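One structure below.
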Amino acid sequence: MATSNLMMQSGSFNPTLQPFLDDNINVLKIKTRVLQEQLDQAVVLTQILSSKLSLSQYFNIMCKFYASYVQVEKRVLNFESKIDLMHAAPYKTRLPSLEFELSDIANKLQLRLPIPQPKYLVMGEGSILEKYWGIRYALDCFSQTAVMVLPKIEHTLGYEYNLSMAFWRKLIEVDADWLRTSTTINSLPIEHIERSELVHCAQETFILISENMAGRPSGI
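So the sequence shown is residues 1 to 220, counted in UniProt numbering.
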């Protein structure tokens, strides 16, 4: 659910940045591209964007997404309270919007919301700043996907069932912060980025979400 070919669609960066600092975003893109493409192929392109998507199928997909999103967002908010955001916008919580949308669908289907089981991200002993921006990078990538996904789901399900689509609408709001987010990540003075917590935590976030979406035990 983080369509890789939409990444950096607004990516004109501050020209005053040092040239070597451009590597942060480029390395993140390269190191997470396969994980994003796997998630897209398994979920977005074949399920969410399917013209045959039913409301119950959509609910099941989003419940699996919720199972990982709930604990990842709590982690990123905890880290944010301990760091200097510099010039970036604060993380805008999406969890209430996701829970509202799921509750709305659950009522329509006369189902209960799932209780997420904790499956934690594997993180090293490194910089909290790098961990925060690694997770934030992965989560904010979903805002790029929303621009494409929202109109499709509205056409398939939204109008027929009068769905709020609250989560996807919130993500589109977040997309406006992408340039500031990517510029801040580029400004981080990371000496060995390929081995950094920035890259590791971005990868682990995609892995956690992918494994929950596939219905497999996370193992992390």
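Glycine included, each C-beta is placed from N, C-alpha and C at the ideal position. Here the structure is a predicted model, which means the values were calculated and not measured.
{"Asked": "8 Å Cβ cutoff met for Ala106 and Phe206", "Found": "no"}
{"Asked": "Spatial distance of Ile185 from Ile25 (CA atoms)", "Found": "7 Å"}
{"Asked": "CA-to-CA distance, Val76 to Ser182, given in whole angstroms", "Found": "16 Å"}
{"Asked": "First through last residue of the alpha helix (DSSP H) which encompasses Val27", "Found": "23-39"}
{"Asked": "Residue range of the alpha helix (DSSP H) that includes Lys74", "Found": "55-80"}
{"Asked": "Span of the alpha helix (DSSP H) around Gln144", "Found": "128-153"}
{"Asked": "Beta-carbon gap between Glu173 and Lys92 smaller than 8 Å", "Found": "yes"}
{"Asked": "Burial state of Tyr69 (16 or more Cβ within 10 Å)", "Found": "buried"}
{"Asked": "Residue from Glu154, Ile209, Ser97 whose Cα sits closest to the Cα of Cys141", "Found": "Ile209"}
{"Asked": "Distance, Glu191 Cα to Ser50 Cα", "Found": "43 Å"}
{"Asked": "N- and C-terminal bounds of the alpha helix (DSSP H) containing Asn162", "Found": "Asn162 -> no alpha helix (DSSP H), and no H or E assigned at all."}
{"Asked": "Rounded C-alpha distance that separates Pro90 from Leu198", "Found": "18 Å"}
{"Asked": "Selection from Leu35, Val72, Lys64 that minimises the alpha carbon distance to Ile48", "Found": "Lys64"}
{"Asked": "Neighbourhood of Pro96 by C-beta distance below 6 Å, restricted to the same chain and skipping five residues each side", "Found": "none"}
{"Asked": "Beta-carbon spacing of Ile153, Trp168 below 8 Å", "Found": "yes"}
{"Asked": "Arg180 in three-state terms, based on DSSP", "Found": "helix"}
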